[in-house]
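Protein sequences appear in the order of chains A and B.
Numbering-wise, my numbering comes out as the position in the first sequence, counting from 1, plus 70.
Numbering-wise, my numbering comes out as the position in the second sequence, counting from 1, plus 6.
Data first, discussion second: the structure below is written as structure tokens.
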Amino acid sequence: MKNIAPKLPIEEYEKNFADLHPPLTPNSAVAEANRCLYCYDSPCMKACPTHIDISTFIKKISTGNLLGSAKTILESNWIALTCAKACPVNILCEGACVYNEKGEKPIEIGKLQRFAMDNYFAKGMPSIFNKATKNNKSVGIIGSGPAGLACGAELSLLGYDATIYEANKIPGGLCTWGIAPYKMRREDSLKEVAMVKSFGVEIKTEMMVGKEIKVDELIKKHDAIFLGVGLGESPQLSVTGENLSGVIGALEFIEKVKTENWKDVPVGKRVAVIGAGNTSIDAATEAKRLGAEQVFIIYRRSEVEMSAYEFEYELAKKDGIVFHFLTAPKKIVGEKFVEGIECLKMRLGEPDNRGRRRPVSIPGTEFTIPVDMVIKAIGQETKSSFLGSIPNLTLDTDGCVIVDQNTFQTANPKIFAGGDCINGGKEVVNAAYDGKRAAHGIDSYLSNQTKGGN
Amino acid sequence: MVDLSINCAGIKSPNPFWLASAPPSNSAYQNCKAFEQGWGGTVWKTIGEPVMNVFNRYGGLDYNGQKIFGLNNIELISDRPIEVNLKEIAETKKLWPDRAVVVSLMVESKRETWHEVVKRTIDTGCDGIELNYGCPHGMSERGMGAAVGQVPEYCKMITEWEIEVSTIPVIVKLTPNISNIQLPARAAKAAGANAISLINTINSIIGINLDTFELKPNVGGLGGHGGYAGPAVKPIALHLLSQVAIDTEVSLPISGIGGISNWRDALEFILLGASSVQVCTAVMHYGFRIVNDMIEGLSNWMESKGFTSLDQVRGKSLPRINDFGNFDLLNRTIARIDQTKCIHCNLCYIACEDAAHQCIDLTPVNGHNKTEVREKDCVGCALCSLVCPVEGCISMVRIDDGSSSKTWNQLIADFKKSGRPLTWKALAEFQHKHGIEIH
């Protein structure tokens, strides 16, 4: 990189990456829990993709039954700590809280869930679930992200031998590697990994399927397979200069930050982030917090069309991120290193097939922003070559695996799938739901087989 | 201009708010500080026999995060020598001539002892005497406090001893730990008492520590019953106050006590006949400063209602106290839910379904549940309106036209007159005639 941002004192890094939403104290948790109305058939429960019985777990906090509270949560969602910290609660559970309709502040459901889960892990994960007797059937799970972990946990309690194959050295998928450190640290994700392991799930790390173990070997070895492989690389911008030193994919950058070796993560003095989704905001704020002097977000549509949540946008603005809307990158400028990004102004044209107005370039509006680093955050590609290596899968036009909505079974009856690889990239909580439901899909598929059915 | 001054059996104060005989009224320092902040009077913490307290003496009852919803104590009467107290009382009264200084007394049940203490108390220049016949712990075991209040004969006898020598008004403070509060009240009246105050604290065990199995408060591993006070006791106090207030055999001014925390609580006591009100737990929780809102809130309320003096307010709700047998069985109300205010918490549904009469339907509409009352089945019990967290969302609406009314007592009389026995079948006929179906 041409100009690397100067390193910060270690306390500065810790301050910058400290909890954005600090935990509740025991007293404040009980006070907040008591504020909950204990709605019947509550809207928050319906709004949660995993349908946690929220008002019940909150009532249990108010009575000091913290173990029971954690059990209520985990019964619906095995990735509960991550969800408590990383869920967009204000558009899910908290957004559905009846207090909103009353014109009052909704219950802090995310923080209360974190309180119950923190206590559960602090107590050393007391045993609160009964395992069914082993049925001597085995399921291979590809990927140890939230979908894979949830599927493994559920299968293990149902009596299956569950083995997770993880390419990375450290498991947890995006929960471990993809969540901004001021929302959640890696160690929290690893607590959930440890919990799933404690149920008897085996996690084989540095075991890339297709490389260390062949796909057909895996299919032969297990009675069923669950794909929780997520998505792949950032797509190409397809502009000149993309291979210059200083251009990096957003997830690759965020993964480096997640090592928590702050001073070893190279970041430019001036940084351009391409794209305006939630990952773009993470990358931009993280770059800023690592010491970048100026960070720009470059987005070809306007504020209205960007996919980042409102609260993420607010956070970015608070961090001093400068937004260039209706701006598209034309060329990355530089000899060996990134020196700038040439952009073109856009206007909005006719809506595309998804109803979003298509950006149209305005000729002659080129301008160059001098930057030292370009972070590509324009989404992730599906793992098309890997998915192509699995027999009889059907993919939709976006390259996502097509599954049955109830059983999560793919076109190949022995193979099930969930998480980002079927939805193209949603929240952790969606993956947690898919994994758990798929476990039941697998269970009924294998139980029927035993009975001689299909 | 609103006048908050009162005269309770000849004891005058600029407002009805008195400190109750309790820890906040223990010393000249405290009582003078309270007067500076606006309290109208004080009942000096009971003085009398030598006592010694244990160290840990209070237990709090918290409810849903609210601290001290109830408070119990095993503190005794003043543990400072009687001479010190009498001297401070005299000094305080001299400094605050316009405030009511009442002194609470408790000594052993001997005529001479009572005579002596009453005379010494009067010498301080105080405005009145309150006889502590209510203290439920520590003193009752020694034949004082509630041990007197629970036996109307003792109550009468001992009150007579004071009346014999007292030249100032005597208030008898009653214990609620008795099945008929009217009996000791009548005894006090018969003995010549000038006023009644109630209630003293209620016998209670406030709680148990689930880790150590010790009682609260815990005194070196031991605990026992204490006197219960605070907001939680107010409904009991209001009931006992009303029982004494409506008793024509008593007919004495009353000083109301029991869970009064603010002007609204105070007003309820006044509406049921109290002349002055006494406050302890709220002061123990927040300090003397609460009197500012009490005075202001009461004045503002009076002004908004067009009252100029508390005489116009006192006892205003007493005529409404009546027996169940005189309530109109045909005064029909049902619940109505204002759909525009509903926040879809469904608490009305589950309360009615599980605990009342199963007459609220839950129907999914646009992703939430719509709650609707099946009016023909609604018995108008009001539970749904009580659990509803939204102000004005569920209202109880009267649906009869008022053309017919029948009380239980009238109904019984009708049956008697007609010679028909009161059977379930006969009752159902009556209900049916008036469009009432009990399912």
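We treat Cβ as the ideally placed atom computed from N, Cα and C, and that holds for glycine.
No experiment lies behind these values; they were computed from the predicted model shown.
Open item on the list: Tell me the rounded alpha-carbon separation between E497 of chain A and S517 of chain A.
Closed with: Position 427 of the first sequence holds residue 497 of chain A. Position 447 of the first sequence holds residue 517 of chain A. Going from the Cα of E497 of chain A to the Cα of S517 of chain A covers about 30 angstroms.
TODO: Quick one: list the residues of chain B neighbouring Y110 of chain A, beta-carbon separation under 8 angstroms, in chain order.
DONE: Numbered from 1 along the first sequence, position 40 holds the residue referred to as residue 110 of chain A. Residues of chain B passing the Cβ test: C351, N352, L353, Y355, I356.
- [ ] Return the chain-ordered ranges of every alpha helix (DSSP H) run that is complete within the region 311-375 of chain B and spans a minimum of 4 residues.
- [x] Taking 4 residues as the minimum length, the alpha helix (DSSP H) runs contained wholly in the region 311-375 of chain B are 353-361, in order along the chain.
Open item on the list: Let's test the definition: count the other Cβ atoms within 10 Å of the Cβ of I327 of chain B and tell me whether it reaches 16, buried, or not, exposed.
Closed with: Mapped onto the second sequence, residue 327 of chain B falls at position 321. The residue is exposed, with fewer than 16 neighbouring Cβ atoms inside 10 Å.
Task: DSSP bridge partner residues for Q479 of chain A (one or two, in chain order) - done: Working through the first sequence from its first residue, we reach residue 479 of chain A at position 409. Q479 of chain A is bridged to A:F486.
TODO: Could you check the C-alpha separation between T448 of chain B and R338 of chain B for me, to the nearest Å?
DONE: Any property of residue 448 of chain B remains undetermined from this structure, which presents chain B solely from 7 to 445.
Open item on the list: Looking at the secondary structure, which residues open and close the alpha helix (DSSP H) in which H291 of chain B lies?
Closed with: The residue labelled residue 291 of chain B in the question sits at position 285 within the second sequence. Per DSSP, H291 of chain B belongs to the alpha helix (DSSP H) from 287-292.
Task: CB contact check: N524 of chain A to chain B, cutoff 7 angstroms - done: Residue numbering aside, residue 524 of chain A sits at position 454 when the first sequence is read from its first letter. Unreliable placement is indicated for N524 of chain A, whose pLDDT of 48 sits below 50; the coordinate value is still reported in the next sentence. Chain B, which has no Cβ nearer than 7 angstroms to the Cβ of N524 of chain A, makes this no.
Open item on the list: Taking the alpha carbon of V289 of chain B as the reference point, which residue from B:E397, B:C14, B:T48, B:K18 has its own alpha carbon closest?
Closed with: Looking up residue 289 of chain B in the second sequence gives position 283. Per the Cα distances, B:T48.
Task: Straight-line gap, A153 of chain B to K162 of chain B (C-alpha atoms, nearest Å) - done: Your numbering for residue 153 of chain B matches position 147 in the second sequence. Your numbering for residue 162 of chain B matches position 156 in the second sequence. Roughly 13 angstroms separates the two Cα atoms.
Task: Candidates A:K72, A:P96, A:E380: closest to R184 of chain A by CA position - done: Position 114 of the first sequence, counting from 1, holds the residue named residue 184 of chain A. The option with the nearest alpha carbon to R184 of chain A is A:P96.
- [ ] Rank A:V299, A:T203, A:A320, A:I74 by C-alpha distance to the C-alpha of G280 of chain A and give the top, closest one.
- [x] Residue mapping note: residue 280 of chain A aligns to position 210 of the first sequence, counting from 1. When only C-alpha atoms are compared, the closest one is A:V299.
- [ ] Find the residues of chain B that neighbour P113 of chain A, judging by a C-beta separation of less than 7 angstroms, and give them in chain order.
- [x] Indexing the first sequence from 1 puts residue 113 of chain A at position 43. Against chain B, a Cβ distance below 7 angstroms from P113 of chain A picks out H350, H374.
Open item on the list: DSSP has I471 of chain B in a bridge; who is on the other side?
Closed with: Only positions 7 to 445 of chain B appear in the structure, and residue 471 of chain B is not among them; the question remains open.
- [ ] Let me know the beta strand (DSSP E) ranges lying completely inside the region 415-442 of chain A, each 3 residues or longer, listed in chain order.
- [x] 427-431, 437-439
Task: Inter-residue Cα distance where the pair is G458 of chain A and A192 of chain A - done: As a first step, residue 458 of chain A is located in the first sequence; it is residue number 388 there, counting from the start. As a first step, residue 192 of chain A is located in the first sequence; it is residue number 122 there, counting from the start. Each residue's alpha carbon lies about 43 angstroms from the other.
Open item on the list: With the cut-off set at 7 angstroms, would you say I439 of chain A and I411 of chain A are in Cβ contact?
Closed with: Within the first sequence, the letter at position 369 stands for residue 439 of chain A. Within the first sequence, the letter at position 341 stands for residue 411 of chain A. It is a contact, given that the beta carbons lie within the stated cut-off.
Task: Minimum C-alpha distance to H245 of chain B - residue among B:I263, B:N62, B:G232 - done: Taking the second sequence and counting its residues from 1, the one referred to as residue 245 of chain B is at position 239. Checking every option, the nearest Cα to that of H245 of chain B belongs to B:I263.
Open item on the list: Using a Cβ-Cβ cutoff of less than 6 angstroms, which residues in the same chain neighbour D513 of chain A once the five nearest sequence positions on both sides are dropped?
Closed with: As a first step, residue 513 of chain A is located in the first sequence; it is residue number 443 there, counting from the start. Answer for D513 of chain A: L228, listed in chain order.
Open item on the list: Are the CB atoms of A193 of chain B and P158 of chain B within a distance shorter than 7 angstroms?
Closed with: The residue labelled residue 158 of chain B in the question sits at position 152 within the second sequence. The residue labelled residue 193 of chain B in the question sits at position 187 within the second sequence. In contact: P158 of chain B and A193 of chain B (Cβ atoms closer than 7 angstroms).
Task: Members of the region 158-171 of chain A that neighbour chain B once the beta carbon cut-off is set at 7 angstroms - done: Of all residues in the region 158-171 of chain A, those with a C-beta nearer than 7 angstroms to a C-beta of chain B are V168, E171, reading in chain order.
TODO: Quick one: grab the DSSP three-state call for N493 of chain A.
DONE: Within the first sequence, residue 493 of chain A is the residue found at index 423, counting from 1. Note: N493 of chain A maps to helix in three-state DSSP.
Open item on the list: Against A101 of chain A, what residues of chain B qualify as contacts under a CB-to-CB distance less than 7 angstroms, listed in chain order?
Closed with: Within the first sequence, numbered from 1, the residue matching residue 101 of chain A stands at position 31. Result: G71.
Task: Local Cβ density within 10 Å of K439 of chain B, reported as buried at 16 or more and exposed below that - done: Within the second sequence, numbered from 1, the residue matching residue 439 of chain B stands at position 433. Under a 10 Å Cβ-count criterion, K439 of chain B is classified as exposed, with fewer than 16 other Cβ atoms of the shown protein chains found around its own Cβ.
- [ ] Determine, using beta carbons only, whether P142 of chain B comes closer than 7 angstroms to chain A.
- [x] Within the second sequence, residue 142 of chain B is the residue found at index 136, counting from 1. By this cut-off, P142 of chain B is not an interface position.
TODO: Please list the partners that S139 of chain A has in chain B, where partner means a Cβ-to-Cβ separation under 7 angstroms.
DONE: Residue numbering aside, residue 139 of chain A sits at position 69 when the first sequence is read from its first letter. Here the premise fails: no neighbours, minimum Cβ distance about 16 angstroms.
Open item on the list: What does the Cβ neighbour count give for L304 of chain B, buried or exposed, with the cut at 16 atoms within 10 Å?
Closed with: What you label residue 304 of chain B is simply residue 298 of the second sequence in a count that begins at 1. By the neighbour-count rule (16 or more Cβ atoms within 10 Å), L304 of chain B is buried.
- [ ] Could you confirm whether any beta carbon from chain B is found closer than 7 angstroms to the beta carbon of L107 of chain A?
- [x] As a working mapping, residue 107 of chain A is identified with position 37 in the first sequence. Closer than 7 angstroms: yes.
TODO: Kindly indicate the opening and closing residues of the beta strand (DSSP E) around W24 of chain B.
DONE: Taking the second sequence and counting its residues from 1, one reaches residue 24 of chain B at position 18. Counting along the chain, W24 of chain B sits inside the beta strand (DSSP E) bounded by residues 23-25.
TODO: Starting from the beta carbon of N36 of chain A, find every residue of chain B whose beta carbon is closer than 7 angstroms, and list them in chain order.
DONE: Examination of residue 36 of chain A is not possible in this model, given that chain A is present from 71 through 524 alone.
- [ ] Pull up the distance between the alpha-carbon of A217 of chain A and that of G489 of chain A, whole angstroms please.
- [x] In the first sequence, the residue the question calls residue 217 of chain A occupies position 147. In the first sequence, the residue the question calls residue 489 of chain A occupies position 419. Pairing A217 of chain A with G489 of chain A, the inter-Cα distance amounts to about 5 angstroms.
Task: Supposed close pair S203 of chain B, I177 of chain B - CB separation, criterion 8 angstroms - done: The residue you call residue 203 of chain B lines up with position 197 of the second sequence. The residue you call residue 177 of chain B lines up with position 171 of the second sequence. Indeed they touch by this definition, with Cβ atoms about 5 angstroms apart.
- [ ] Count the other C-beta atoms from every protein chain shown that fall within 10 angstroms of the C-beta of L485 of chain B, then say buried if there are 16 or more, exposed otherwise.
- [x] Since the displayed chain B opens at 7 and closes at 445, residue 485 of chain B lies outside it and no answer follows.
- [ ] Step through the CB atoms of chain A and report whether any lies within less than 7 angstroms of the CB of P395 of chain B.
- [x] Along the second sequence, one-based indexing puts residue 395 of chain B at 389. At least one chain A Cβ lies under 7 angstroms of P395 of chain B.
Task: When B:V256, B:I266, B:E397, B:I418 are compared against N332 of chain B, the one with the closest alpha-carbon - done: Walking along the second sequence from the start, residue 332 of chain B turns up at place 326. The shortest C-alpha separation from N332 of chain B is found at B:I418.
TODO: State yes or no: is the C-beta of P499 of chain B within less than 7 angstroms of the C-beta of V283 of chain B?
DONE: Only positions 7 to 445 of chain B appear in this structure, which leaves residue 499 of chain B out of reach.
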